Amino acid sequence: MKVIIASDHGGFNLKGTVVAALKDRGVEITDFGPDSADSVDYPDYARPVAEKVASGEFDRGILVCGTGIGMSISANKVKGIRCALVHDTFSARATRAHNNSNMLAMGERVIGPGLAQDIVDIWLETDYEGGRHEQRVCKIEE
42 MKVIIASDHG
52 GFNLKGTVVA
62 ALKDRGVEIT
72 DFGPDSADSV
82 DYPDYARPVA
92 EKVASGEFDR
102 GILVCGTGIG
112 MSISANKVKG
122 IRCALVHDTF
132 SARATRAHNN
142 SNMLAMGERV
152 IGPGLAQDIV
162 DIWLETDYEG
172 GRHEQRVCKI
182 EE
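So my numbering is basically just the index in the sequence shown, starting at one, shifted up by 41.
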């Protein structure tokens with residue numbers, strides 16, 4: 042699985058923690074930036090990452106900002122993206138199983154690094170159930 046990750050300045054530290062944890066697990070991860078905690082505009086990172094996931098260049102994408110809200114809104118503007126804002130493990134599992142989310146957004150100012158790592162692990166390991174959920178996901182794509 043190929044995963045791409047990006048943040049803005051508000052999510053820079055948590056992004057680093059997630060990148061390190063995924064590399065330790067052997068996940069193929071690409072850090073799209075930024076390279077410092079200097080102020081940046083989150084749409085400048087969310088949109089290109091979402092486009093790379095939508096094109097199939099990457100299997101999944103992870104976005105981190107202060108709350109995760111701006112990143113998720115920006116990513117969901119790209120056709121084919123189902124970016125879920127997640128701050129708990131139940132939602133991480135549900136968004137994969139029921140919504141077939143292909144992008145995850147989190148907020149560094151909302152959750153800590155341990156919970157973020159648990160969320161990412163669950164989100165990456167949970168399979169989409171399909172079945173009764175498929176027609177709903179198809180309606181999202183329309």
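Positions of the beta carbon are idealized from the N, C-alpha and C atoms, including for glycine. Bear in mind the structure is a predicted one, so any value in this text is a computation, not a measurement.
State the start and end residues of the unbroken beta strand (DSSP E) segment that holds Arg101. 101-106
Query - Classification of Asp65 by the beta-carbon crowding that lies within 10 angstroms, buried from 16 upward - result: exposed
So what does Thr71 bridge to, in DSSP terms?
Ile45
Inset, instruction - Within its chain, find whatever has a CB closer than 6 Å to the CB of Val90; leave out the 5 residues flanking it on each side and keep chain order. - result: Ile45, Ala47, Phe73, Gly102
So which of Cys106, Thr58, Ala61, Ala157 has the shortest CA-CA distance to Asp79?
Cys106
(message) I need the boundaries of the alpha helix (DSSP H) containing Ala87, first residue and last residue.
(response) 84-95
Please state whether DSSP places Gly153 in a helix, a strand or coil.
-> coil
Would Gly155 be called buried (16 or more neighbouring beta carbons within 10 Å of its own) or exposed? exposed
- How far does the beta strand (DSSP E) with Gly111 in it reach, from first residue to last? The continuous stretches of beta strand (DSSP E) do not include Gly111, which lies in the alpha helix (DSSP H) extending over residues 110-116.
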